[in-house]
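Take a look at the structure below.
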Amino acid sequence: MAGCIRVQTEAFDPGVELDALARGDAGAGALVSFIGRVRDDGAHAPVLRLTLEHYPGMTEKALGAIVEQARARWELRDVVVIHRVGAMEPGEPIVLVAVASAHRAAAFAACEFIIDRLKTRAPFWKRERTSQGDRWVEARAGDAQAAERWERDAGLHRE
Amino acid sequence: MAGCIRVQTEAFDPGVELDALARGDAGAGALVSFIGRVRDDGAHAPVLRLTLEHYPGMTEKALGAIVEQARARWELRDVVVIHRVGAMEPGEPIVLVAVASAHRAAAFAACEFIIDRLKTRAPFWKRERTSQGDRWVEARAGDAQAAERWERDAGLHRE
Amino acid sequence: MIRVLYFARLREEVGTGEESLALPAGVHTVGALTARLRARGERWDEALGGRPMLVAVNQTLSASEGALADGDEIAYFPPVTGG
Amino acid sequence: MIRVLYFARLREEVGTGEESLALPAGVHTVGALTARLRARGERWDEALGGRPMLVAVNQTLSASEGALADGDEIAYFPPVTGG
Numbered sequence: 003m004a005g006c007i008r009v010q011t012e013a014f015d016p017g018v019e020l021d022a023l024a025r026g027d028a029g030a031g032a033l034v035s036f037i038g039r040v041r042d043d044g045a046h047a048p049v050l051r052l053t054l055e056h057y058p059g060m061t062e063k064a065l066g067a068i069v070e071q072a073r074a075r076w077e078l079r080d081v082v083v084i085h086r087v088g089a090m091e092p093g094e095p096i097v098l099v100a101v102a103s104a105h106r107a108a109a110f111a112a113c114e115f116i117i118d119r120l121k122t123r124a125p126f127w128k129r130e131r132t133s134q135g136d137r138w139v140e141a142r143a144g145d146a147q148a149a150e151r152w153e154r155d156a157g158l159h160r161e
Numbered sequence: 003m004a005g006c007i008r009v010q011t012e013a014f015d016p017g018v019e020l021d022a023l024a025r026g027d028a029g030a031g032a033l034v035s036f037i038g039r040v041r042d043d044g045a046h047a048p049v050l051r052l053t054l055e056h057y058p059g060m061t062e063k064a065l066g067a068i069v070e071q072a073r074a075r076w077e078l079r080d081v082v083v084i085h086r087v088g089a090m091e092p093g094e095p096i097v098l099v100a101v102a103s104a105h106r107a108a109a110f111a112a113c114e115f116i117i118d119r120l121k122t123r124a125p126f127w128k129r130e131r132t133s134q135g136d137r138w139v140e141a142r143a144g145d146a147q148a149a150e151r152w153e154r155d156a157g158l159h160r161e
Numbered sequence: 311m312i313r314v315l316y317f318a319r320l321r322e323e324v325g326t327g328e329e330s331l332a333l334p335a336g337v338h339t340v341g342a343l344t345a346r347l348r349a350r351g352e353r354w355d356e357a358l359g360g361r362p363m364l365v366a367v368n369q370t371l372s373a374s375e376g377a378l379a380d381g382d383e384i385a386y387f388p389p390v391t392g393g
Numbered sequence: 311m312i313r314v315l316y317f318a319r320l321r322e323e324v325g326t327g328e329e330s331l332a333l334p335a336g337v338h339t340v341g342a343l344t345a346r347l348r349a350r351g352e353r354w355d356e357a358l359g360g361r362p363m364l365v366a367v368n369q370t371l372s373a374s375e376g377a378l379a380d381g382d383e384i385a386y387f388p389p390v391t392g393g
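First to last, the sequence lines map onto chains A, B, C and D. Just so you know, our numbering puts 25 at position 23 of the first sequence, and the rest follows in order with no gaps. Just so you know, our numbering puts 151 at position 149 of the second sequence, and the rest follows in order with no gaps. Just so you know, our numbering puts 351 at position 41 of the third sequence, and the rest follows in order with no gaps. Just so you know, our numbering puts 377 at position 67 of the fourth sequence, and the rest follows in order with no gaps.
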């Protein structure tokens with residue numbers, strides 16, 4: 003079971019998704035979620051709008067592979083990954099990664115693993131519109147480092 | 003600012019709380035949450051009901067101290083901790099820890115820190131009702147180990 | 311006077327949730343108070359001895375060397391199991 | 311024939327999102343294809359050279375040594391910035 007993966011232009015409600023996660027599964031005591039919102043980092047002119055481009059087909063394949071890797075590494079009872087594409091406003095959720103497990107250590111590790119890999123392996127690109135024009139968001143060096151950590155920790159995090 | 007801490011008998015909706023977290027804060031791009039649900043671990047007779055006893059006064063004080071420690075350690079933009087007391091049914095949320103930050107590494111670390119410390123330092127006690135009678139839930143050795151990790155890592159996780 | 315509270319399994323075992331008493335002469339630490347309470351009889355000795363137990367003084371966790379003074383609130387309880 | 315896709319900043323820089331072409335004779339790897347595309351002119355050379363870039367073959371990330379065959383879908387794009 004690959005879990006639920008959705009790539010969509012429509013807005014989504016993280017609360018509804020979390021409520022549905024592992025619903026009725028009496029063994030799923032620990033739910034960890036990551037929500038990424040359209041952010042204004044204050045480093046440039048205020049962000050008016052964000053547009054997400056992606057690579058249809060590969061996006062779903064890449065997310066599916068990442069979720070499979072997480073499931074191979076930790077005992078997970080449910081996983082949902084939702085990523086928006088297209089245009090969105092500041093403050094709106096872009097991405098939700100939510101993981102249910104019997105134990106919280108596995109849920110935390112798997113959730114962080116999925117978002118770290120998504121940030122370096124899933125083909126999405128952000129374009130910001132500001133009062134000074136449009137610009138492609140540059141990849142952060144920290145994202146590559148965060149993803150590499152999971153390679154180094156391969157032995158440690160297996161549980 | 004200590005963040006929002008609530009200890010209550012009423013059920014809560016994690017989705018509503020997450021929606022309100024750091025709402026309108028353009029710099030809060032990363033939200034991490036932990037939800038603990040009434041769990042049936044399958045080790046005993048099925049759990050019919052869970053009752054949470056607590057130490058009024060100390061509970062709020064202990065949670066406030068834990069949130070302060072997290073805020074001293076990571077740059078957080080908002081924190082909410084909600085813990086239910088009294089009687090609840092299998093599958094219902096017991097606890098929500100939600101953290102907003104500019105960066106996901108800080109949000110993940112702070113959220114896990116808060117729930118790990120809560121599990122060893124906040125005065126709550128679970129009593130399970132099963133078809134075979136009532137029993138006090140025993141503390142898990144893993145919880146003490148998870149909490150100790152944050153003492154060891156004090157230098158590493160400061161960011 | 312001090313206020314002594316008992317929670318969860320300990321409350322059931324000692325048979326009370328709360329009591330007020332004069333700080334006994336010569337008792338200046340958590341450990342000394344615990345010893346006095348255990349000396350009340352077998353039920354108290356078993357409830358407050360043996361198994362892992364936490365103590366809070368004025369709502370802050372305390373070691374058995376923790377100092378006590380008149381007016382303090384002391385709480386005895388099992389390891390916590392919230393979250 | 312192979313299908314070559316370009317995304318985001320690279321798509322804007324090369325001026326197209328997609329093209330189909332015959333796999334050039336002697337081109338058996340990602341790196342060899344990239345060299346051929348860069349040789350198309352200054353715009354192509356700049357877009358596909360210099361800055362960090364990722365390549366996917368049949369929707370899986372590939373190193374420049376990755377093998378190519380007729381019918382493949384090759385995509386060029388900048389480091390990803392989703393999430």
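Every residue, glycine too, gets a C-beta built ideally from N, C-alpha and C. Quantities reported herein were computed from a predicted structural model and do not represent experimental measurements.
Proximity test, Cβ basis, 9 Å: residue i and chain B
i: residue 105 (chain A); result: yes
i: residue 390 (chain C); result: yes
i: residue 370 (chain C); result: yes
i: residue 88 (chain A); result: no
i: residue 362 (chain C); result: yes
i: residue 39 (chain A); result: yes
Separation of residue j from residue i, as counted between CA atoms
i: residue 381 (chain C); j: residue 337 (chain C); result: 13 Å
i: residue 315 (chain D); j: residue 88 (chain A); result: 19 Å
i: residue 341 (chain D); j: residue 20 (chain B); result: 46 Å
i: residue 9 (chain B); j: residue 78 (chain B); result: 21 Å
i: residue 387 (chain C); j: residue 12 (chain A); result: 51 Å
i: residue 334 (chain C); j: residue 357 (chain C); result: 20 Å
i: residue 128 (chain B); j: residue 55 (chain B); result: 7 Å
i: residue 40 (chain B); j: residue 144 (chain B); result: 18 Å
i: residue 25 (chain A); j: residue 348 (chain D); result: 53 Å
i: residue 323 (chain D); j: residue 354 (chain D); result: 8 Å
i: residue 46 (chain B); j: residue 30 (chain A); result: 16 Å
i: residue 313 (chain D); j: residue 93 (chain A); result: 37 Å
Per DSSP, the bridge partner or partners of residue i
i: residue 113 (chain B); result: Note: residue 113 (chain B) sits in no beta bridge, so no partner.
i: residue 10 (chain B); result: B:86
i: residue 328 (chain D); result: D:315
i: residue 95 (chain A); result: A:39
i: residue 337 (chain C); result: In DSSP, residue 337 (chain C) forms no bridge with anything.
i: residue 377 (chain C); result: C:339
i: residue 371 (chain C); result: C:366
i: residue 383 (chain C); result: C:313
Helix, strand or coil at residue i [DSSP, three-state]
i: residue 135 (chain A); result: strand
i: residue 71 (chain A); result: helix
i: residue 388 (chain C); result: coil
i: residue 55 (chain B); result: strand
i: residue 62 (chain A); result: helix
i: residue 129 (chain B); result: strand
i: residue 80 (chain B); result: strand
i: residue 140 (chain A); result: coil
i: residue 149 (chain B); result: helix
i: residue 102 (chain A); result: strand
i: residue 23 (chain B); result: coil
i: residue 349 (chain C); result: coil
i: residue 30 (chain B); result: coil
i: residue 366 (chain D); result: strand
i: residue 160 (chain A); result: In this prediction, residue 160 (chain A) has a pLDDT of 39, which is less than 50 and means its spatial position is unreliable; what the coordinates show is noted afterwards. In this structure, residue 160 (chain A) counts as coil in the three-state DSSP scheme.
Any C-beta of chain A under 9 Å from that of residue i
i: residue 110 (chain B); result: yes
i: residue 26 (chain B); result: yes
i: residue 139 (chain B); result: no
i: residue 36 (chain B); result: yes
i: residue 114 (chain B); result: yes
i: residue 67 (chain B); result: no
i: residue 84 (chain B); result: no
i: residue 319 (chain D); result: yes
i: residue 33 (chain B); result: yes
i: residue 358 (chain D); result: no
i: residue 18 (chain B); result: yes
i: residue 149 (chain B); result: no
i: residue 80 (chain B); result: no
Any C-beta of chain D under 9 Å from that of residue i
i: residue 46 (chain A); result: no
i: residue 12 (chain A); result: no
i: residue 49 (chain A); result: no
Beta carbon proximity, residue i to chain C, threshold 9 Å
i: residue 126 (chain B); result: yes
i: residue 59 (chain B); result: yes
Query raised in the report: Given 8 Å as the limit, is there contact between the region 118–132 of chain A and the region 64–80 of chain A, that is, 3 or more CB pairs closer than that?
Result: yes
Query raised in the report: Given 8 Å as the limit, is there contact between the region 133–147 of chain B and the region 384–393 of chain C, that is, 3 or more CB pairs closer than that?
Result: yes
Query raised in the report: Is the region 364–371 of chain D touching the region 98–113 of chain A in the sense that three or more CB pairs, one from each, lie closer than 8 Å?
Result: Contact between the region 98–113 of chain A and the region 364–371 of chain D is absent: fewer than three C-beta pairs spanning the two stretches fall below 8 Å.
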